[in-house]
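Undergrad: Residues in the sequence shown are numbered from 321 upward in steps of one, following the working numbering.
Just so you know, even glycine gets a beta-carbon here, dropped at the ideal spot from N, CA and C.
Here it is, the structure in full.
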Amino acid sequence: MALRACLRGKRGLTAVFSQLSSCSHGRVSPVLVAQQRNNSTSQKVQVDFDQSTGVAVLRMQNPPVNSLSLEFLTEICINLEKLEMDKSCRGLIVTSNRPKVFSAGLDIFEMYGKTPERCAEFWKAVQEMWLKLYGSSMATIAAINGSSPAGGCLMCMTCDYRIMADNPRYTIGLNETLLGIVAPFWFKDTMTNTLGHRTTELALQLGSLYSPAEALKIGLVDQVVPEDQVLTTATEAMSKWLAIPDHARQITKSMMRKSTIDRLTANRESDIKNFVGFVTKASVQKSLGMYLEMLKNRKA
């Protein structure tokens with residue numbers, strides 16, 4: 321209980337979404353929550369909770385490529401909050417219901433041509449998603465069944481363990497610089513904690529995207545398996561994580577991640593201000609516009 325309270329405190333629950341605030345005003349009966357969530361499907365998120373194993377599977381389904389829009393991030397955070405509240409939910413597998421993609425990352429339309437106020441609201445949502453996943457008391461596994469660039473890669477790195485489909489057409493990495501964007505310090509910190517300083521420095525400056533085999537070699541993912549075995553492998557791996565006493569695993573996880581979480585928590589407002597100031601610059605808006613035009617021409 322103490323660790324769960326500590327982890328939640330680091331996430332500033334009511335500071336971002338009024339919807340999340342309404343969910344957390346009173347503690348919902350864990351049994352009722354679990355029953356409601358056995359086949360819980362919202363427009364963009366599907367959650368299946370197996371009470372016999374204590375494991376939930378969260379499937380992203382935001383067409384066409386699970387781009388992380390404000391609305392989508394809000395739904396993800398609401399579902400994560402409900403799962404975290406339920407003591408019987410010990411493990412979470414995050415995967416995609418969209419073909420060939422885990423998540424294409426942050427929705428560029430949330431950053432292009434938007435008011436500073438809208439950009440700030442969006443960035444708070446990105447922060448909240450990261451804080452919830454990186455600071456979760458649940459054991460978390462990313463079942464990466466498609467490409468996962470940029471914000472999708474960030475989401476994968478927040479998880480305790482990553483399993484990726486063995487398909488050379490799929491890629492993963494923080495490629496923000498290719499779009500004329502700079503990954504913020506907490507993106508960098510997350511990757512550094514995963515890959516080490518030098519590999520992260522090269523990856524971020526070059527905007528590198530890695531194949532599954534390359535990602536396995538540098539430690540960006542922990543396993544590469546045949547595409548049709550990603551979810552079953554994640555389920556098998558979860559049993560190993562849940563064989564560890566919860567309190568020991570949770571305290572160890574907090575010990576490893578607390579300083580990174582604290583750094584963002586202490587600098588959320590300045591991080592939002594920096595993001596809004598940067599992304600609304602004319603030069604950055606021009607780069608984003610050129611990228612969107614390139615995508616439009618590619619589809620045509």
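1) From residue 562 to residue 512, what distance separates their C-alpha atoms?
2) Roughly how many whole angstroms lie between the Cα atoms of residue 347 and residue 402?
3) Could you tell me which of 408, 453, 421, 441 sits nearest to residue 593, measuring between CA atoms?
4) Straight-line CA distance for residue 332 to residue 510?
5) With C-beta atoms as the reference, is residue 535 less than 8 Å away from residue 484?
6) In the DSSP assignment, find the alpha helix (DSSP H) that holds residue 392 and state where it starts and stops.
7) Please report the residue range of the beta strand (DSSP E) in which residue 481 lies.
8) Closer than 6 Å by C-beta to residue 611: which residues in its own chain qualify, once you throw out the five before and the five after it? Chain order, please.
9) Could you check where the beta strand (DSSP E) with residue 366 kicks off and where it finishes?
10) Using a Cβ distance threshold of 8 Å, determine whether the segment 471-483 contacts the segment 537-544, with at least three qualifying pairs required.
11) Would you kindly check if the distance between the Cβ of residue 550 and the Cβ of residue 465 is under 8 Å?
12) Does the CB of residue 461 have a neighbour CB from chain D at under 8 Å?
13) Can the beta-carbon of residue 492 be found less than 8 Å from the beta-carbon of residue 473?
14) Within the continuous beta strand (DSSP E) that includes residue 411, where are the two ends?
15) Taking just the CA atoms, how far does residue 404 sit from residue 641?
16) Could you pull the start and end residues of the beta strand (DSSP E) that residue 378 belongs to?
17) Tell me the rounded alpha-carbon separation between residue 437 and residue 597.
18) Using alpha carbons as the reference points, say which of 618, 615, 528, 601 lies closest to residue 433.
19) Please state whether DSSP places residue 464 in a helix, a strand or coil.
20) Assess contact between the segment 519-531 and the segment 447-463, defined as three or more Cβ pairs (one per stretch) separated by less than 8 Å. Is contact present?
21) For the segment 418-431 against the segment 380-400, do three or more pairs of beta-carbon atoms, one drawn from each stretch, fall closer than 8 Å, so that the two count as touching?
22) When burial is assigned at 16 or more other CB atoms within 10 Å of the CB, is residue 406 buried or exposed?
23) On the premise that residue 514 lies in contact with residue 477, defined as a C-beta separation below 8 Å, what is that separation, rounded to the nearest angstrom?
24) Determine, using beta carbons only, whether residue 469 and residue 595 come nearer to each other than 8 Å.
25) The alpha helix (DSSP H) spanning residue 550 covers which residue range?
TA: In this structure, then:
1) Taking the straight line joining both Cα atoms gives about 26 Å.
2) At residue 347, the pLDDT of 30 sits below 50, so the modelled position is not reliable and the matter cannot be decided from this model.
3) From the listed residues 408, 453, 421, 441, the smallest Cα separation to residue 593 is found for 441.
4) Residue confidence for residue 332 is low, a pLDDT of 34 falling below 50, so the modelled location carries little weight; the figure read from the coordinates is stated next. The alpha-carbon of residue 332 is positioned some 19 Å away from that of residue 510.
5) Between residue 535 and residue 484, the CB-CB gap stays under 8 Å.
6) From DSSP, the alpha helix (DSSP H) with residue 392 extends over 390-405.
7) Membership of residue 481 in the beta strand (DSSP E) is indicated by the continuous run 481-485.
8) For residue 611, the CB contacts under 6 Å within the same chain, skipping 5 residues up- and downstream, are 499 in chain order.
9) Secondary structure note for residue 366: its beta strand (DSSP E) is the uninterrupted segment 365-370.
10) Because the criterion of three Cβ pairs below 8 Å is met, the segment 471-483 and the segment 537-544 touch.
11) In contact: residue 465 and residue 550 (Cβ atoms closer than 8 Å).
12) The structure shown has no chain D; it contains just one protein chain.
13) Yes, Cβ-Cβ distance for residue 492 and residue 473 is below 8 Å.
14) From DSSP, the beta strand (DSSP E) with residue 411 extends over 411-416.
15) With the chain covering 321 to 620 only, the question about residue 641 has no answer from this structure.
16) Taken as a continuous stretch (DSSP letters only), the beta strand (DSSP E) holding residue 378 covers 375-380.
17) Rounded to the nearest angstrom, the two C-alpha atoms are 11 Å apart.
18) The residue from 618, 615, 528, 601 with its alpha-carbon nearest to that of residue 433 is 601.
19) Residue 464: strand per DSSP, three-state reduction.
20) The segment 519-531 is not in contact with the segment 447-463.
21) With three or more CB-CB distances shorter than 8 Å, the segment 418-431 counts as touching the segment 380-400.
22) It is buried - the Cβ of residue 406 has at least 16 other Cβ atoms within 10 Å.
23) Contact holds; Cβ gap of about 5 Å.
24) Result no, Cβ atoms of residue 469 and residue 595 do not sit closer than 8 Å.
25) Annotation: the continuous alpha helix (DSSP H) that includes residue 550 extends over 550-562.
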